[in-house]
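J.: This is the structure, below, for whatever I ask next.
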Amino acid sequence: MSGAPWYLDCDTGIDDALTLGLLVAEGADLKGIGSVSGNLSSVGGARNTLDLMALMGRPDVPVAIGAHDPIGGVFGGGADFVHGANGIGGVELPRAGEPVEESAAEMLVRLAREHRGTLRVLAIGPLTNLALALELEPELPSLVADVVIMGGAARVPGNVTAVGEANIWNDPEAASAVFGAPWTVTMVGLDVTMVARFEEQHRVALESGGAAPAALAAMLGVYFQYYTPILGRPSCALHDPLAAAIALGAVQPTLAPVVPVEVDATEGPGRGQTLVDLRGRFVGYPAVPNARHRVVLGIPEGFGDQLLQTLLRLP
Ligand code: RIB
Ligand code: CA
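As numbered in numbering that gives the first Met the number 0, residues 0 to 314 make up the sequence shown, in order.
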């Protein structure tokens, strides 16, 4: 397990909640968590994060409310048809703690300066806070160790439009700024997250765990409802937990070339697409200009079983 200090940026819906559980169970050194509007509002996401972290035994991690609106736009209202009205499947958790005063972008910049060169960034929602942090501190890329995101789609369709994945599509301007900055982004997109699954047996097994696993199981009941007609059986995609597991080194990708990535932030039908240049695919993706980002295209089998055993360690 990586002993590095972490900043997490999330839009705490149900797969974000699973990710909080994974990070806590793995003992990640979480220095701060920022919320961003996506699955629900940044205020609602911060509330879910505070309550979940307390339920999992980590009320000590500071939570900052981040951007409500995307850069240059307005928040579209969230995805209650996926994550439920409160973002976590309607599960009511004991209210615990309050967010800190600073914004998520301010928290990220502060932590990057305090942990100069070692802070790792994991973003599992729209990238608005990261883009705002780059505006606040243009030297941010030289201050952080690396950035891992759940987002995008290289060789597969999007999930909001034919080409747009939600975290990119919800703020393409921010995503374009993040991929355009001089740091290495590890992109964990739908190419791999749509084949990382929880099946019914995983959800049922969580029900017999402690309070936190049982709450996650209740949330999955709603999340399965959205994914079952898409995947053809009671199950769900493990988008955010897979990104976190790859970031922690708990899952080693089988294919993850370093290639150029751009984001379509135009107003046309391609808006929100991650344009991943895979033209070197027959010759081992040789270094080409602007090849800076690591795009995960393959993972080993069995992540659902691995995640279940991790989450069952929660209280
Ligand atoms: O496209 C899936 C992503 O959008 C996940 O991060 C999910 O939580 C939503 O934010
Ligand atoms: Ca998310």
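Glycine is no exception: its CB is placed at the ideal position from the N, C-alpha and C atoms.
#1: Quick one: what does DSSP say W182 is sitting in, helix, strand or coil?
#2: Can the beta-carbon of S34 be found closer than 7 Å to that of A45?
#3: Evaluate the contact criterion for the region 175 to 187 versus the region 211 to 224: three or more CB pairs, one atom per stretch, below 8 Å.
#4: Please state whether DSSP places Y218 in a helix, a strand or coil.
#5: Which residues in the same chain have their Cβ closer than 6 Å to the Cβ of D239, if we skip the five residues on either side of it in sequence?
#6: Using the Cα positions of F302 and V191, report the straight-line distance between them to the nearest angstrom.
#7: With DSSP as the reference, label P299 as helix, strand or coil.
#8: What does the alpha-carbon distance come out to for the pair W168 and A132?
#9: Would you kindly work out how many angstroms separate the C-alpha atoms of A63 and L310, rounded to a whole number?
#10: Is the separation between the beta-carbon of M52 and that of A211 shorter than 7 Å?
#11: Kindly list the residues whose CB is nearer than 7 Å to the CB of A3, restricted to its own chain and excluding five residues on each side of it in sequence; keep chain order.
#12: Nearest CA to the CA of H317: which residue from E105, K30, P137 and L241?
#13: For D59, count the other beta carbons within 10 Å of its own beta carbon; 16 or more makes it buried, fewer makes it exposed. Which is it?
#14: Are D79 and T127 closer than 7 Å when you measure CB to CB?
T.: So, from the data block:
#1: coil
#2: yes
#3: no
#4: Looking at the sequence shown, residue 218 is not Tyr but Met. M218: helix per DSSP, three-state reduction.
#5: D14, D15, T18, I123 and M149
#6: 11 Å
#7: coil
#8: 19 Å
#9: 24 Å
#10: no
#11: D28, T117, R119 and A144
#12: There is no way to answer for residue 317, as the model of the chain reaches only from 0 to 314.
#13: exposed
#14: no
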